[in-house]
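Per my numbering, the sequence shown starts with residue 12, numbered consecutively. Cβ coordinates follow ideal geometry from the N, Cα and C atoms, glycine included.
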Amino acid sequence: MSGYPQPFLLADAGEAIEKKLTLWQQFLDDIWDSLSNTHMWMSVLKVVLRILVILIVSRIIRIVINRVVDNFMNPKASKRLKLRTRRVQTVGKLLKNTATYIINFIVLLLVLNEFNINLAPLLAGAGVIGLAIGFGAQSLVKDVITGFFVILEDHFSVGDVIEVGGKFKGTVEMIGLRATRIRSWTGEVFILPNGNISDVTNYSVNNALAVVDVSVAATENLDHMAEIVKSAAAKFEDTNIVGRAEFLGIQSVTASDVILRLTVLCRPNTQSTVSRHLNAEVKKAFEAAGNPRYYSIEAMERAGS
Numbered sequence: 012m013s014g015y016p017q018p019f020l021l022a023d024a025g026e027a028i029e030k031k032l033t034l035w036q037q038f039l040d041d042i043w044d045s046l047s048n049t050h051m052w053m054s055v056l057k058v059v060l061r062i063l064v065i066l067i068v069s070r071i072i073r074i075v076i077n078r079v080v081d082n083f084m085n086p087k088a089s090k091r092l093k094l095r096t097r098r099v100q101t102v103g104k105l106l107k108n109t110a111t112y113i114i115n116f117i118v119l120l121l122v123l124n125e126f127n128i129n130l131a132p133l134l135a136g137a138g139v140i141g142l143a144i145g146f147g148a149q150s151l152v153k154d155v156i157t158g159f160f161v162i163l164e165d166h167f168s169v170g171d172v173i174e175v176g177g178k179f180k181g182t183v184e185m186i187g188l189r190a191t192r193i194r195s196w197t198g199e200v201f202i203l204p205n206g207n208i209s210d211v212t213n214y215s216v217n218n219a220l221a222v223v224d225v226s227v228a229a230t231e232n233l234d235h236m237a238e239i240v241k242s243a244a245a246k247f248e249d250t251n252i253v254g255r256a257e258f259l260g261i262q263s264v265t266a267s268d269v270i271l272r273l274t275v276l277c278r279p280n281t282q283s284t285v286s287r288h289l290n291a292e293v294k295k296a297f298e299a300a301g302n303p304r305y306y307s308i309e310a311m312e313r314a315g316s
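Shown next as structure tokens:
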């Protein structure tokens, strides 16, 4: 008889199975009650609808702010407000980004509030953490403050050609509150923290002066050479110039050469292009006069560099 299960063991096993089935049934009943609870679903629906309203309203506010900024920064408005066109893009983008950050932060707080999350401890904790980070992020604060004043005082703007500290020269691609991005004419990209930007030379603020020195042999007829150069200056045209090319006269005299100087006022940062075109015009003038015996000082220096 010992090989067969005792009756009381079978009874205990049956009771255990019955309890498990009862618990499982109770679990299923609870789930069904929850799923069929109209009040719960109405509460969930209200929360979802409120969150959707928050998101839609925030989206509308962002669109309105972007349009207001665009209208505020359009060429006519910027002219009335005496804002230079070249910095409109920078200021407009910064205002849009700042508004987006603020709106997103407010939306986050409102959504958390819909889930009945107590925001007071979170805000208090964020304040303490922010204070701790502030002591360890002084350079970041310095970058942000410097970036703000760079934009406010219009030291330079997107599209300007600048040189920083005598080391970094190129076109400004982006000005942020923390860093500025510059691309050199050979393609290198420099990311400079705003707090480290000092000794800035801006080549895009005022018109530039293109200077071309032409060397002719001292044995040539000086008046004839001067007339050739003057004719080249009179004929010279370029979309980048803002005045006529001028013949200044003799710049210097050596034992073998006489240096004649030409200048022309041109748009900011176009002096190199204008100088090359003016050199070509001078060369054509000498060739037309049948006297190619000259050379440009600027062209010689570039060729030897």
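- When C-alpha distances from R189 are compared across I173, I156, V183, N218, the shortest belongs to I156.
- Counting of Cβ neighbours within 10 angstroms places T191 among the buried residues, the total reaching 16 or more.
- In the structure shown, the three-state DSSP call for P132 is helix.
- Straight through space, the alpha carbons of I186 and G103 are spaced by roughly 11 Å.
- For G198, the closest of V175, S263, K180 by C-alpha to C-alpha distance is K180.
- Distances from the alpha-carbon of A243 to those of I42, D234, F258 put F258 closest.
- Distance from L276 to I252 at the Cβ level is roughly 7 Å; contact confirmed, criterion being Cβ atoms closer than 8 Å.
- Under the DSSP assignment, N213 falls in the beta strand (DSSP E) whose first and last residues are 211–213.
- Distance from V293 to V223 at the Cβ level is roughly 7 Å; contact confirmed, criterion being Cβ atoms closer than 8 Å.
- Secondary structure note for A244: its alpha helix (DSSP H) is the uninterrupted segment 233–246.
- Judged by DSSP in its simplified three-state form, K180 adopts strand.
- Taking the Cα of G301 as reference, the smallest distance to any Cα among L273, G254, M236 is reached at M236.
- Relative to the Cα of V152, the nearest Cα in the group R255, N205, I62, L233 belongs to N205.
- Excluding sequence positions up to five before and after D249, its CB lies within less than 7 Å of the CB of V285, H288, all in the same chain and listed in chain order.
- Pairing E238 with L271, the inter-Cα distance amounts to about 11 Å.
- Counting only the Cα atoms, V269 lies some 11 Å from N232.
- When the beta-carbon positions are compared, V211 and I173 come within less than 7 Å of each other.
- Taking the C-beta atoms as reference points, V183 is found nearer than 7 Å to V169.
- Within its own chain, the residues whose Cβ lies closer than 7 Å to the Cβ of T111, once the five positions on either side in sequence are excluded, are R73, listed in chain order.
- In the three-state scheme derived from DSSP, where H, G and I count as helix and E and B as strand, L220 is classed as strand.
- Distance between L121 and R194, taken at the CA atoms: about 41 Å.
- A residue is called buried once 16 or more other Cβ atoms fall within 10 Å of its Cβ, and L63, having fewer, is exposed.
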